[in-house]
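In what follows, a single structure is set out as structure tokens and then discussed.
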Amino acid sequence: MNLIDLIPGLRKASTTKGGEYHGACPLCGDGGKGRDSDRFHVWPAQGTHGTFWCRVCSKAGDAIEFLRLRDGLGYREACAQLDIEPQRRPALERPSGFVPAPAAAPVETWSIKAAALVERCHAALLANDEQLLWLALRGIDRALVERYRLGWLDKDQWRERRSWGLAAESKPDGSAKKLWFPAGLVIPIFDGGRVVQVRIRRPAPERGPRYYVVPGSSRQPLITRDAEAYVVVESGLDAILLDGVAGDLVGVVALGNDTSKPPVGLWEKLQRSLHISVSLDSDTPRRNEVTGAMDIPGAKASRWWLEQFEQAERVPVIGGKDPGEVFQAGGDLRTWVLAGLPPRFHVAPLPAAGARPERQGQPSDAGELEYVKQLADGREITVTNSRQRWAELTEAGRIVFSENELARLHAAVSGMDEERRQRAALLAADIKEVFAGAYIQRGVAVEKEAA
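Just so you know, the sequence shown maps onto residues 87 to 537 in the working numbering.
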């Protein structure tokens, strides 16, 4: 028995890769569209008996999970109804019963069309000083705009659904429903170089949502990079902002909303991570119309993450409801990210002996290199390859390391474990601060003129 056999009234939306079906969600309702709802998705060819996902309540999983959610069945009871032999539960499943679903990729035609749209809108944004300024005031400079291929659509557009590889749909009056692209900021998501999602932030919608996901998009969240530690936020713009200020420390995941759950690929990355800072929006408390209780959506949704991942910790922003508001209020987001991380992330790994650190800023005509790193307590460490600058900054009371000192420090601690290496690095900074002019030679701090 397949999942589509359990849910009457589904409509076939695509025939690619075994087909995709849409309909009203049997778990949360119809999403406000009645029988015409397309919020509930079923892929009968995925997995053994099909998979599902609802865009409204974000419930997702396989046929067994569907029966458990809809009918309250246990695992063995669900297997019996599906006429399958009970087996050991998947290794990725947590005790709560959550089974991550795959993020179905859009059809090839859709991705090709979306890529062309993204490039047109990206060129339009680069020529739009007003929108570039709007982004810059929110911490997203031109370099980030180019890295994430952000774009601008100046007016609403409509296209035939079939031209984008989507099944035809009809309005209540029988006329063909077209694919709508509202005016606004275009935020694409790529997977393996392919456009898999297009989300548009509408500037001032009179009705409808602020963020609109173009139909046919994957539910793949935005992931800035693979990392040992992640920060989980709602908005893609917040993720891009955090990548700009702390991308060397963490990877950032933008879910799109507070109820979205990670698909299989992201789930596996999060399971392997060392730390997850759950930083969903700190919304204003509001009264639940059903229970009468006061709800804080971000805090409520965060509990799910803490239940699923032992390394997860709720780290709400301070000074606003989300990172964007905190940045506009003058908050230090990098310090906030660091404060939410375990101590091992507070000090950057020492470079390999003889290796040159990554350059931050441009070298002078004389080939000089200078950059600054910040410790968890707010102290700044300056690294330079200039003897003159080393002496000047030391005289000014700064904590300064030469590139040669870092290489010697690395050699001195090479036999230590990671925790002891980091303690040694912090101790070296303490010595530099207390003994002005201290210079590391053969792993020992001694009073000496820089030479």
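Where is the CB? At the ideal position from N, CA and C, for every residue including glycine.
- Taking the C-beta atoms as reference points, Gly406 is found no nearer than 7 angstroms to Ala398.
- For Pro349, the CB contacts under 7 angstroms within the same chain, skipping 5 residues up- and downstream, are Pro186, Ala187, Pro188, Ala189, Arg305, Gln306 in chain order.
- Taken in chain order, the unbroken stretches of beta strand (DSSP E) that lie wholly in the region 187-266 and span 3 residues or more are 237-239, 243-245.
- Distance from Phe267 to Asp242 at the Cβ level is roughly 7 angstroms; contact confirmed, criterion being Cβ atoms closer than 8 angstroms.
- Counting along the chain, Thr137 sits inside the beta strand (DSSP E) bounded by residues 137-140.
- Looking from the CA of Val284, the closest CA among Arg509, Ala253, Leu265 belongs to Leu265.
- By DSSP's assignment, Gly109 forms a beta bridge with Phe126.
- Comparing alpha carbon positions, the residue from Val336, Pro94, Ile273 closest to Ala425 is Val336.
- Taking 7 angstroms as the cut-off, the Cβ atoms of Val364 and Ser388 count as close.
- Nearest in C-alpha terms to Leu89, of all of Ile198, His135, Ser100, is His135.
- By the beta-carbon neighbour count (other beta carbons within 10 angstroms, threshold 16), Lys199 is buried.
- When C-beta atoms of the region 271-284 are compared with those of the region 199-209, three or more pairs fall below 8 angstroms, so the two segments count as touching.
- When Cβ pairs closer than 8 angstroms are counted between the two stretches, the region 125-133 is seen not to touch the region 158-175, the count staying below three.
- Nearest in C-alpha terms to Arg465, of all of Ile485, Ala477, Leu479, is Ile485.
- In chain order, Val403, Ile404, Gly405, Gly406, Leu419, Trp422 place their CB closer than 8 angstroms to the CB of Val412, counting only its own chain and leaving out the 5 sequence neighbours on each side.
- Beta-carbon to beta-carbon, Lys347 and Phe184 are separated by about 7 angstroms, close enough to satisfy the 8 angstroms threshold.
- Ranked by Cα distance from Arg296, the first of Ala515, Thr195, Val272, Gly104 is Val272.
- By the CB criterion at 7 angstroms, Tyr316 and Ile362 fall inside the cutoff.
- The beta-carbon distance between Asp344 and Gly410, rounded to whole angstroms, is 15 angstroms. This is too long to meet the 8 angstroms contact definition.
- For Arg509 and Gly270, the gap between their C-alpha atoms comes out near 49 angstroms.
- DSSP lists Val469 as the bridge partner or partners of Phe487.
- Between the alpha carbons of Thr137 and Phe152 lies a gap of roughly 9 angstroms.
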